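Taking it in order: structure first as structure tokens, then the write-up.
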Amino acid sequence: MPIVSFLLVLTLLGGLLALSFSSLHWEWHWEAVWTYREKFLRGWVSTIVLSAVSLILSLALGLALTAGRLKGWLPVRQLCTLIVELIRGTPLLVQILVLFYIVGSALGLENRFLAGILILSLFEAAYFSEIFRGAWLSIPQSTLTSARAIGLTPHDTFTQVITPLALRNCLPSLASQTASLIKDSSLLSLIAVTELTHVAQEINAFTYSTLESYLPLALAYLLLTAPLSFLTRRWEKSLAYAN
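Here it is in structure tokens:
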């Protein structure tokens, strides 16, 4: 049913767009964009790779920040909290410009793709850290007390009690933030990272076909985020059933 609903909404939106453009007597030039289809595909693959690597790094860094905020020494807790609040309180656009053109230049980091991954990972890690922290704090203390009362070791408590409950609590937020990560990667076009949005901008510059360049761009991002939402709902149901 979710797939049918998604296709129905997509069809309705497509029909609405077609009706709107027909009333404007818009002249399409798809052949100009079709010439650069391989370039567009390479940009799409680049976005997938960039997002996947950034996701892994940001999850690991987010867990580290969460551990530092919850269990660390007081100066470590304060430092981790400051990092998270600073990142979450400033726009990604500003962070990209400052970290690449100022910090990156000072460190001699010239690889734009690598710089983009590091910047995006750091930004998303702050949000993942907040998600993990909220999931951890949502577990009732009585649950942990009960686990100790029945003789579970700290390791068993973490793997059999804390992890399933925390994962179920934070899964929707994790999926939403992962989709945001994929879309946020488009801002790396500002520093000329060769990803999907940057490729679409180049194709538009070559062909002067703005809509023909950006409509496939929107569809390409949708092809990445829509399956993620569907799979997350399925996983969420399976976790609820298991629990």
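Position one of the sequence shown corresponds to residue 15 (the numbering used here), numbered consecutively onward. Built from N, CA and C at the ideal position, the CB exists for glycine as well. These numbers were taken from a predicted model, which means no experiment stands behind them.
Item, Value
"Three-state secondary structure (DSSP) of H212", "helix"
"Three-state secondary structure (DSSP) of S218", "Residue 218 is actually Asn in this sequence, not Ser. N218 falls in the helix class under three-state DSSP."
"Proximity winner among S36, A66 and T25, relative to K197 (alpha-carbon distances)", "A66"
"The stretch 199-215 touching the stretch 52-61, judged by at least three CB pairs closer than 8 Å", "yes"
"Counted within 10 angstroms of its Cβ, other Cβ atoms place E124 as buried (16 or more) or exposed", "exposed"
"Short Cβ contact (9 Å threshold) for S199 with L113", "no"
"C-alpha distance - L136 paired with N218, whole-angstrom precision", "30 Å"
"Alpha-carbon spacing of S119 relative to L201, whole angstroms", "19 Å"
"Contact under 9 Å by Cβ, C94 with G103", "no"
"Nearest-angstrom Cα separation, counted from I164 out to I131", "45 Å"
"Contact check, G76 vs A129, beta carbons under 9 Å", "no"
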